[in-house]
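Novice:
There are 2 protein chains.
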Amino acid sequence: MNSLRQFTRRRALQGLVASPTQSSSTIGLWQRHFSNTPAVASRLAGLDPSKLTVTKTSTPKELTPAKDLVFGKTFTDHMLAIEWSASDGWDAPRIVPYQNLSLDPSSCVFHYAFECFEGMKAYKDNNGQIRLFRPDKNMERLNKSSSRIALPTVDGEALTQLVGELVKLDSRFIPSDRGYSLYLRPTMIGTQKTLGVGPPGSALLFVIASPVGPYYPTGFKAISLEATDYAVRAWPGGVGDKKLGANYAPCIVPQLSAASRGFQQNLWLFGEEEYVTEVGTMNLFIALKDKETGQKELVTAPLDGTILEGVTRDSVLGLARERLVPKGWAVSERKIRMSEVADAADEGRLIEVFGSGTAAIVSPVRNISYKGKMVDCGLKEDEEAGEIASQMKNWIEGIQYGDEDHKWSYVL
Amino acid sequence: MNSLRQFTRRRALQGLVASPTQSSSTIGLWQRHFSNTPAVASRLAGLDPSKLTVTKTSTPKELTPAKDLVFGKTFTDHMLAIEWSASDGWDAPRIVPYQNLSLDPSSCVFHYAFECFEGMKAYKDNNGQIRLFRPDKNMERLNKSSSRIALPTVDGEALTQLVGELVKLDSRFIPSDRGYSLYLRPTMIGTQKTLGVGPPGSALLFVIASPVGPYYPTGFKAISLEATDYAVRAWPGGVGDKKLGANYAPCIVPQLSAASRGFQQNLWLFGEEEYVTEVGTMNLFIALKDKETGQKELVTAPLDGTILEGVTRDSVLGLARERLVPKGWAVSERKIRMSEVADAADEGRLIEVFGSGTAAIVSPVRNISYKGKMVDCGLKEDEEAGEIASQMKNWIEGIQYGDEDHKWSYVL
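Respectively, the protein sequence lines represent chains F and C.
Here the working numbering is used: the first residue of the first sequence is 1, the next is one more, and so on.
Here the working numbering is used: the first residue of the second sequence is 1001, the next is one more, and so on.
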């Protein structure tokens, strides 16, 4: 039995991924692990950074010149890989040369979208130290995502530490220039080899890393949006607030459709009220003045299950409350109708609009096509960003690159 | 250039999957292919069965005894694999030994759920001929699914022919007994190697085959359902009517939750009206009498975008219109509230309820837990199926196994 077990394990290492056959007791075990009953959790192995093994590549890659970097296209020398099974819990973490995954074609990730991910970045500061930005938020969200689709959860601090080891090993890939960083993609997939639709009995958590340049290499470039009313990204009771693969593929055709009419992104509206939710893969912020009082307000959609809980969204909100409220701003997480935005624009009360996300930090919006009309978002013709968007980018980047000492910056 | 192309192709064959780097012109080409502009479609290669190559396994598997077959767990000796790229279209189809897929960890199928599939079966008739059931419907739906997530479409007849070649090659895996069949799983995945969210520049279509036994080996066994009101499977304007992986993973936790309370499946309700939509992974049929007129009616939810367009659903509807309407039944595709079903049960007007799907054909329902009450679905205590469910199973199985000559049966 022991030798059989070892044989299975060896095969798994060889092919990087192989999943054990689900035993009849798997579902029960999984459920208990999933619900984190302490008695069972202690029987299943947790993520253990002290068990990390590192296999270094024998063929280090040539660095891509910083100016040629394209988002998510080139990857570093290594990857982090950790297998999980419902019977044993988390296996020993491994850093291995970046390599293909070898998966049975019946693996549930290919059929039922058992997959979720995170997007985060590592930055090199002026002293050459490497920093992450609020990794605890990514870990928290990863666990919300994975548990919603019956994949296992992880100890966030342990995974952050392991991600740190990968980043340090591949730190030569992080350009030192401002705006450059190493994009990190923790991904969890179900590897159970059966077409039966059920909770995966095995999974693989892997992290790959891709050096990226600034989103706006030559300064901000405000974008044009098309408000989409014919397709719906997310709904109450659904999974639109989780970072699941399932939320992405269905967005491409509406995005292409908007692009064919010359818009950089589409803006997702929700319901008969046409509430503003998200833009492409970013959260959206709207700065406007109240019709009656003239009160300045920075608004973003609330976390009602239909929008992603963006880490940058949370950071913008936090900084706005800390630094804009004292200057007289109101900061609101509330539902806002597209018609309200259009009215504000018509009446000269729309100050600025910007998207927020890990890739660009903030992405200023010039205008939004809505019901055949262009809603002007308040930028002057020769302006590519409003004051708040510019401030936010500077504030957040200052923290990310360690210019400002801040609890959000995590030094490796 | 030509030799470089060949080198790339060879690598792809070796690893089974490798995706070309997306060129700057890819999106344009893809869009035109996607929208099937004749001029461009003719420049890209279509699916060509005459180019099929077959590599037979050198290690044929032992057959699993029919009684030990578990759905989707054992597979035949071979698989069909066809690669697609935005620049070249469909590559030559290949039947190869069943094997792992080797995919770059940045492949878009792992991150953004670029994946869709079909479920269909091959049956051995009394003369040893092999038959498919309405494969044209599966091909039609596959194309609806793939195009909704920016994956390529296929010539349905060509793919049916290729699936037929796989089935014939592995026909020894199809047990001859009634109720047994070879479950076929055409699957399309995006293989583009980039974390950028966009239309996949490359894809793999593969078909695997798994011998399966009867869903009810010892006769029908009526199931208990729990009506789910806290989670929502699909939404108008969403993708719940497509056979995307994205629709499946999010259903597991609600199903486990229902299972933990002793229910075999959950019943998805929609909206404040609590319309009955689907049950687990099946469509639902409800037979009831009208309160005023006593008219017998077989009802199923309409194709409004929130339910899957089941091939078995369509077959049940077709047979009901042909064979039940003359006997005085009304057949309706209409929205029906859960409360209407509960009222019919209370008033003794609920005749029977059953799910429909490829796996079980029909699956009789004994009762539904709804708002803390059990809705009795009309079966007598010693009965496991109603008359319509039993008739439907016999009718459809008679066509599938070729007892009845019918245009829905496709002889290979």
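Note that CB positions come from ideal geometry on N, CA and C, so glycine has one too.
The model shown is predicted, which means the values in this text are computed figures rather than measured ones.
With S1102 of chain C and S102 of chain F assumed to form a contact (beta carbons below 8 Å), what rounded beta-carbon distance in angstroms separates them?
Specialist: The Cβ separation is near 5 Å, so the contact holds.
Novice: Please work out which residues of its chain come closer than 8 Å, Cβ to Cβ, to S1332 of chain C, disregarding the five sequence neighbours upstream and downstream, and give them in chain order.
Specialist: The answer, listed in chain order, is E1297, L1298, V1299 and T1300.
Novice: Looking only at DSSP bridge pairs, what is S260 of chain F linked to?
Specialist: DSSP lists no partner for S260 of chain F.
Novice: Here's the rule I'm using: 16 or more other beta-carbon atoms within 10 Å means buried, otherwise exposed. How should Q255 of chain F be labelled?
Specialist: Q255 of chain F comes out buried.
Novice: Taking the beta carbon of M374 of chain F as the centre, do at least 16 other beta carbons fall within 10 Å, making it buried, or is it exposed?
Specialist: Exposed.
Novice: Looking only at C-alpha atoms, which of F:S87, F:V353, F:G372 and F:A122 sits nearest to V365 of chain F?
Specialist: Residue F:V353 is the option with its Cα nearest to V365 of chain F.
Novice: Assuming A1249 of chain C and Y112 of chain F are in contact, meaning their beta carbons sit under 8 Å apart, how far apart are those beta carbons, in whole angstroms?
Specialist: Sure, about 5 Å apart at Cβ, within 8 Å.
Novice: Looking at the strands, I want to know which residues DSSP matches up with V1316 of chain C.
Specialist: The partner list for V1316 of chain C (beta bridge, DSSP) is empty, contrary to what the question assumes.
Novice: Terminal residues of the continuous alpha helix (DSSP H) containing L162 of chain F?
Specialist: Counting along the chain, the alpha helix (DSSP H) containing L162 of chain F begins and ends at G156 to L169.
Novice: F1133 of chain C CB to nearest chain F CB: under 7 Å?
Specialist: It does not; no Cβ of chain F falls within 7 Å.
Novice: For Y1410 of chain C and chain F, any beta-carbon pair shorter than 7 Å?
Specialist: Chain F, which has no Cβ nearer than 7 Å to the Cβ of Y1410 of chain C, makes this no.
Novice: What are the residues of the segment 181-202 of chain F that lie near chain C, defined by any Cβ-Cβ distance shorter than 9 Å?
Specialist: Within the segment 181-202 of chain F, the residues whose Cβ lies closer than 9 Å to some Cβ of chain C are Y183, R185, T187, I189, G190, K193, T194, L195, G196, V197, G198, P199 and P200, listed in chain order.
Novice: Within its chain, find whatever has a CB closer than 7 Å to the CB of L1195 of chain C; leave out the 5 residues flanking it on each side and keep chain order.
Specialist: Taken in chain order, the residues that qualify are S1106 and H1111.
Novice: Can you pull the chain C residues whose beta carbon is under 7 Å from the beta carbon of T457 of chain F, in chain order?
Specialist: The structure shown does not extend to residue 457 of chain F, since chain F spans only 1 to 412, so no value can be given for it.
Novice: Taking the Cβ atom as the reference point for each residue, do I351 of chain F and G378 of chain F lie within a distance shorter than 7 Å?
Specialist: Yes, the pair counts as a contact, with Cβ atoms nearer than the cut-off.
Novice: If we ignore side chains and look at the alpha-carbon of each, how far apart do K393 of chain F and N100 of chain F end up?
Specialist: Approximately 36 Å between the Cα atoms of the pair.
Novice: Is there at least one Cβ from chain C nearer than 7 Å to V331 of chain F's Cβ?
Specialist: With 7 Å as the cut-off, V331 of chain F does not count as an interface residue toward chain C.
Novice: So if I threshold CB-CB distances at 9 Å, which residues from the segment 48-74 of chain F count as touching chain C?
Specialist: Within the segment 48-74 of chain F, the residues whose Cβ lies closer than 9 Å to some Cβ of chain C are V70, F71, G72 and K73, listed in chain order.
Novice: Using a Cβ-Cβ distance cut-off of 7 Å, determine whether Q1014 of chain C contacts chain F.
Specialist: For Q1014 of chain C, the pLDDT reaches just 42, beneath the cut-off of 50, and the residue's location in the model is therefore unreliable, although a value from the coordinates is still provided. So, not an interface residue.
Novice: Determine the chain C residues that contact V109 of chain F at a beta-carbon separation under 7 Å, and present them in chain order.
Specialist: Here the neighbours are F1110.
Novice: CB L166 of chain F to CB I189 of chain F, shorter than 7 Å?
Specialist: Contact: no.
Novice: Leaving out five residues on either side along the sequence, give the residues of the same chain with a beta carbon under 7 Å from the beta carbon of E278 of chain F.
Specialist: R233, W268, L284, I307 and L308.
Novice: For D1376 of chain C, does the three-state DSSP call read helix, strand or coil?
Specialist: Strand, per DSSP.
Novice: I'd like the span of the beta strand (DSSP E) that includes I1130 of chain C, first residue to last.
Specialist: I1130 to F1133 is the extent of the beta strand (DSSP E) around I1130 of chain C.
Novice: Look up S1087 of chain C in the DSSP assignment and say whether it is helix, strand or coil.
Specialist: Coil.
Novice: Quick check: the Cα distance between I1396 of chain C and F1220 of chain C, rounded to an integer number of angstroms?
Specialist: When rounded, the distance between both Cα atoms is 15 Å.
Novice: Taking Cβ-Cβ distances below 9 Å as the criterion, which residues of the segment 1245-1266 of chain C are in contact with chain F?
Specialist: Cβ contacts with chain F: G1245, A1246, N1247, Y1248, A1249, P1250, C1251, I1252, V1253, Q1255, L1256, A1259 and S1260.
Novice: Helix, strand or coil: how does DSSP classify E1383 of chain C here?
Specialist: Three-state result, E1383 of chain C: coil.
Novice: Comparing C-alpha positions only, which one of F:R172, F:P199, F:R141 and F:G213 sits nearest to G310 of chain F?
Specialist: Answer by Cα proximity: F:R141.
Novice: How would you write the range of the beta strand (DSSP E) that F285 of chain F sits in, first residue to last?
Specialist: Its beta strand (DSSP E) spans residues M282 to K289.
Novice: Taking DSSP's pairing of strands, which residues face S1107 of chain C in a bridge?
Specialist: Bridge partners of S1107 of chain C: C:K1193.
Novice: Have a look at D155 of chain F and R134 of chain F and give me their C-alpha separation to the nearest angstrom.
Specialist: Cα to Cα, D155 of chain F sits roughly 15 Å from R134 of chain F.
Novice: Of all the options C:L1303, C:G1201 and C:P1211, which has the alpha carbon lying nearest to the alpha carbon of G1238 of chain C?
Specialist: When only C-alpha atoms are compared, the closest one is C:L1303.
Novice: Can you pull out the residues from the segment 1331-1354 of chain C whose beta carbon lies closer than 9 Å to at least one beta carbon of chain F?
Specialist: The residues in question: there are none.
Novice: Between E1309 of chain C and chain F, is the shortest Cβ-Cβ distance under 7 Å, so that the two count as touching?
Specialist: No, because no Cβ of chain F sits closer than 7 Å to the Cβ of E1309 of chain C.
Novice: Find the nearest neighbour of G213 of chain F within the set F:P186, F:K289, F:T358 and F:L69, judged by alpha-carbon distance.
Specialist: Checked all of F:P186, F:K289, F:T358 and F:L69; the closest Cα to G213 of chain F is F:L69.
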